[in-house]
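Asker: First the structure, which I've put down as structure tokens, then a few questions once you've had a look.
Protein chains: 2
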Amino acid sequence: MGNRPTIADIAKRVGVSPGAVSFALNGRPGVSEQTRARIIEVAREMNWRPHRAARALGGAQAGVVGLVLARDPRTLGSEQFYTQILYGMQEVISAGGSAVQMQLVRDTAAEIDLYRHWAAEHRVDGLVLVDLQLDDPRIAVVRELGLPAVTLGLPGEPGRLPSVWADDAEAMTTIVDYLAALDHQRIAHVAGPPVYQHTARRTSALREQATARGLAAESVPTDFSDAQGAAATRTLLSRAERPTAIIYDSDLMAAAGLGVALEMGIEVPRQLSIVSFDDSVLTRIVHPALTCLSRDTYALGAQVATSLLAAIADPGSRESVRTETPRLVVRGSTTRPG
Amino acid sequence: MGNRPTIADIAKRVGVSPGAVSFALNGRPGVSEQTRARIIEVAREMNWRPHRAARALGGAQAGVVGLVLARDPRTLGSEQFYTQILYGMQEVISAGGSAVQMQLVRDTAAEIDLYRHWAAEHRVDGLVLVDLQLDDPRIAVVRELGLPAVTLGLPGEPGRLPSVWADDAEAMTTIVDYLAALDHQRIAHVAGPPVYQHTARRTSALREQATARGLAAESVPTDFSDAQGAAATRTLLSRAERPTAIIYDSDLMAAAGLGVALEMGIEVPRQLSIVSFDDSVLTRIVHPALTCLSRDTYALGAQVATSLLAAIADPGSRESVRTETPRLVVRGSTTRPG
DNA sequence: GTGGAGAACTAAAGCGCTATAGTCAACGGC
DNA sequence: GCCGTTGACTATAGCGCTTTAGTTCTCCAC
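Here the protein sequences line up with chains L and B, keeping their order.
At position 204 of the first sequence the residue is numbered 206 (this note's numbering), and the sequence of numbers has no breaks.
At position 242 of the second sequence the residue is numbered 244 (this note's numbering), and the sequence of numbers has no breaks.
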């Protein structure tokens, strides 16, 4: 049953010392090719696997990388995006024999706490930081703990952590370009919490674009919950001069917004165009399907994992990887106003 | 920096042996209360944490429990439910200083593979098995590996693993009761893959209920994807004698079904009532909001975690916990037909 | 006053693996 | 023919913790 073979068992069977077996199995010099082959064969035969804990104890790696999502339980449901990221990461990380540990916590304070615990217990080899904030407190903590980390979302300026990012400003411009071409004059933006860097970037990009083109534009902050997304939509649509197009920072809020429009008897897209900043199954199942920015989230997760592995291998690295700007996928929720 | 204090450091500082420190910190007898207090204080002062790997190596636990989701990448998006479960589990598991390791894999074969890896590497102390199948191959594997496990969803018959479950048949009856009271005569059921035990149970419960009441009822199997949910809905609604109510086995498919109805110009709920077997943010944001079976998924996750911890503590235990049958939450998607 | 029980410790081994220092034989060059 | 190398190993220590088997010391009973 649970009697896994150890390196010593293999050594005995092959007739060499445990050290030799370790060399052989780790591709280190110190054994002849012949012996190495024999050892590897026996190891396979005996169905040997390294004991993670034993390796980790020897000062080596824990074989786990962490991804923490700080979410108010009330805003649960917005993790579609991260489920995909997780999947993409896992593909890369498991190939290296490690695992991704995802954990949901209540807020950033709890997240930082968790990092300290993990670091103290040697539980993880590296971290992915998501939902970057302005002046993000996590950066200093991660540095202090000496944990390799990669940020997802913003160019690596903050504390010079390596990062994987896409250009949010450019993405917003793509949307505004399109809406302006359709002749929308009043555009609203149901944004996330202003403390998030990506929200800030999108908001300022929208403002710039609107000014440049002489459009009326407005960003409404929310906490990313469906409730606040719906509430913001209701407010916007209750105005005398209501917007003809609304851009939502998440697919969940976009879907909620669509629900509100239906509820208020406002036709989508005839009277209101809707664009979501995220793509997911959600944007496809509602009717009309939502026009949105889409990208290969799975690949993004894989890229993050790759960058993280690089950061773990070389803790000095600060390389920042820019990924493709999400492209606009036009579906049934947008048209000319009128 | 990464120079965590060890038990030996504490021992030196207090002036006792490492063994004594271990006793003290683990609440084991062998030290005086006075010394124990002193040791605990110093440990806190030095910010000591147990080194997980070292503990695990000593034959103790890995401090991780696993939850694997087998999902065809195409059907990704249906994990809302499990995100909640995960959250609930984490609350309980982290309280005990452990962590939940969730992993997404392609199919059951990959899942079994993963279990073997995890067992061989001593990575997890226990498992939660979800999406139970008829004659589930995982049960034998888990038993063979000697890994404590709890199943979620079905009474623990299969191989007598402890389980946490709710009565699916009763739940289905609740729905049919309600629809029958509204005077629906033709009810359809967009189900999951028949290989799943819960699908099988719901399907047969529907058949029984329909027979007993003289209703026309039909279950259509799908793979749980939004695409097949939509396709099944299209087929059902294209019939001459179309159903006046459809029950969906997941919130995702229900939302997709609603989208199809809108697309076909069929009014919900006037011409079609929709009931979802799962609740989530999704059922609330669409319009009309969906009538559904609802339960406290978070609490369910917590219960699963509790049962799993019990199973780990006492591997012989087979206790099965029955949870409340989900209750019907009526929203805007159901009414009398006509 | 002595034997023994119990409390409060210490000493040391061991978990499975890695890493470093050493051993030993074969080989080659001058 | 001897020294120095090199290759192929072995021996051993050590990672941080738990645990078992001692070792003291005190206290009490007879």
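Glycine included, C-beta positions come from ideal geometry on N, C-alpha and C.
Quick caveat, the model's predicted, so the values are computed rather than measured.
(1) Does the region 142-159 of chain L come within contact of the region 117-133 of chain L, defined as at least 3 CB pairs closer than 8 Å?
(2) Please work out which residues of its chain come closer than 7 Å, Cβ to Cβ, to Glu326/B, disregarding the five sequence neighbours upstream and downstream, and give them in chain order.
(3) Should the region 136-147 of chain B be regarded as contacting the region 249-265 of chain B, the criterion being three or more beta carbon pairs within less than 8 Å?
(4) Taking 8 Å as the threshold (C-beta atoms), are Ile268/B and Tyr250/B in contact?
(5) If Ser19/B and Ala13/B are in contact, beta carbons under 8 Å, what's the gap, nearest whole angstrom?
(6) Does the CB of Leu78/L have a neighbour CB from chain B at under 8 Å?
(7) Along the beta strand (DSSP E) that carries Ile276/L, what are the first and last residues, could you check?
(8) Would you list, in sequence order, the uninterrupted alpha helix (DSSP H) runs of no fewer than 4 residues that lie entirely inside the region 124-209 of chain B?
(9) Counting only C-beta atoms, is Gly261/B closer than 8 Å to chain L at any point?
(10) Indicate the three-state DSSP secondary structure (helix, strand or coil) for Gln86/L in the structure shown.
(11) Give the DSSP-derived three-state secondary structure of Tyr246/L in the structure shown.
(12) How would you call Arg337/B, buried or exposed, if buried means at least 16 neighbouring beta carbons within 10 angstroms?
(13) With H, G and I counted as helix, E and B as strand and the rest as coil, what does DSSP make of Met104/L?
(14) Can you tell me which of Leu295/L, Arg73/L, Thr37/L and Val102/L puts its alpha carbon nearest to the alpha carbon of Ile177/L?
(15) With distances taken Cα to Cα, identify the nearest neighbour of Leu330/L among Thr293/L, Val323/L and Gly303/L.
(16) Rank Asp280/L, Gly261/L and Phe279/L by C-alpha distance to the C-alpha of Pro271/L and give the top, closest one.
(17) What residues match up with Val222/L in a beta bridge as DSSP calls it?
(18) How far does the beta strand (DSSP E) with Thr235/B in it extend, from its first residue to its last?
(19) Round the Cβ separation of Leu147/B and Ala111/B to the nearest angstrom and send it over; I've been treating them as touching at under 8 Å.
(20) Would you mind working out which of Thr85/B, Val192/B and Gln105/B sits nearest Met91/L, comparing C-alpha positions?
(21) Would you identify the three-state DSSP class for Thr299/B, choosing helix, strand or coil?
(22) Give the interface partners of Glu81/B over in chain L, defined as CB-CB distance under 9 Å, in chain order.
(23) Buried or exposed for Arg286/L, going by 16 or more other Cβ atoms inside 10 Å?
(24) Just confirm the distance between the C-beta atoms of Val94/B and Ala307/B, as a whole number of angstroms; I'd bet it's less than 8 Å.
(25) Checking contacts by CB at 8 Å: is Tyr117/L closer than that to chain B?
(26) Is there a Cβ of chain B sitting closer than 8 Å to that of Tyr89/L, yes or no?
(27) Please name the residue in Glu113/B, Ser278/B, Glu243/B and Ala242/B whose C-alpha comes closest to that of Asp74/B.
(28) Is Gln105/B close to chain L? Criterion is C-beta to C-beta, closer than 8 Å.
(29) DSSP on Val94/B, reduced to helix/strand/coil?
(30) Looking at Thr85/B: is its Cβ nearer than 8 Å to the Cβ of Leu78/L?
(31) Quick check: Ala190/L and Leu217/L, are their CB atoms within less than 8 Å of each other?
(32) Report the partner residues of Gly68/B according to the DSSP bridge assignment.
(33) To be precise: take each residue of the region 46-59 of chain L, compare its Cβ to all Cβ atoms of chain B, and keep it if any distance is under 9 Å. Which residues remain?
(34) Going by DSSP in three states, Leu217/L sits in which element: helix, strand or coil?
(35) Using a Cβ-Cβ distance under 8 Å, would Arg125/B count as near chain L?
(36) Suppose contacts are defined by Cβ-Cβ distances below 8 Å. Is Gln82/B in contact with Leu238/B by that definition?
Answerer: Let's see:
(1) Contact between the region 142-159 of chain L and the region 117-133 of chain L is present, because at least three Cβ pairs lie under 8 Å.
(2) Closer than 7 Å at the Cβ level, and outside the excluded window around Glu326/B, lie Ala168 and Arg297.
(3) The region 136-147 of chain B vs the region 249-265 of chain B: no contact.
(4) For the 8 Å CB-CB criterion, Tyr250/B and Ile268/B do not form a contact.
(5) Contact between Ser19/B and Ala13/B holds: their C-beta atoms lie close to 6 Å from each other, under 8 Å.
(6) Contacts with chain B at 8 Å (Cβ-Cβ) include Leu78/L.
(7) Ile276/L: member of the beta strand (DSSP E) spanning Ser275 to Ser278, first to last residue.
(8) 139-147 and 170-183, all fully within the region 124-209 of chain B.
(9) Yes, its Cβ sits closer than 8 Å to a Cβ of chain L.
(10) Helix at Gln86/L.
(11) One point to set straight first is that residue 246/L is Thr, not Tyr, in the sequence displayed. Assignment of Thr246/L by DSSP, reduced to helix, strand and coil, places it in the coil class.
(12) As written in the sequence, residue 337/B is Thr, which differs from the Arg given in the question. A buried status is given to Thr337/B, since no fewer than 16 other beta-carbon atoms sit within 10 Å of its beta-carbon.
(13) Met104/L falls in the strand class under three-state DSSP.
(14) Nearest Cα to Ile177/L within the set Leu295/L, Arg73/L, Thr37/L and Val102/L: Leu295/L.
(15) In this structure, Thr293/L is the residue among Thr293/L, Val323/L and Gly303/L with its C-alpha nearest to the C-alpha of Leu330/L.
(16) When only C-alpha atoms are compared, the closest one is Gly261/L.
(17) For Val222/L, the pairing in a beta bridge is given by DSSP as Val192/L.
(18) Taken as a continuous stretch (DSSP letters only), Thr235/B belongs to no beta strand (DSSP E), being part of the alpha helix (DSSP H) at Asp228 to Leu239.
(19) Taking a contact as a CB-CB distance under 8 Å, the pair Leu147/B and Ala111/B does not count as one, their CB atoms being some 16 Å apart.
(20) Distances from the CA of Met91/L to each of Thr85/B, Val192/B and Gln105/B were compared; the closest alpha carbon is that of Gln105/B.
(21) The answer is helix: DSSP assigns Thr299/B an H, G or I state.
(22) Those are Glu81, Gln82 and Thr85, listed as they occur along chain L.
(23) Per the 10 Å Cβ criterion, buried.
(24) About 4 Å separates the two Cβ atoms, so the contact holds.
(25) The C-beta of Tyr117/L comes no closer than 8 Å to any C-beta of chain B.
(26) Chain B contact via Cβ: present.
(27) For Asp74/B, the nearest C-alpha among the options comes from Glu113/B.
(28) So yes, Gln105/B belongs to the interface.
(29) Residue state, collapsed to three classes: helix.
(30) Yes, the pair counts as a contact, with Cβ atoms nearer than the cut-off.
(31) Taking 8 Å as the cut-off, the Cβ atoms of Ala190/L and Leu217/L do not count as close.
(32) Per DSSP, Gln103/B and Leu129/B.
(33) Per Cβ criterion, the list reads Asn49, Trp50, Arg51, Pro52, His53, Arg54, Ala55, Ala56, Arg57, Ala58 and Leu59.
(34) Coil, per DSSP.
(35) Any Cβ of chain L closer than 8 Å to the Cβ of Arg125/B would place that residue at the interface, and such an atom is present.
(36) No, they are not a contact pair.
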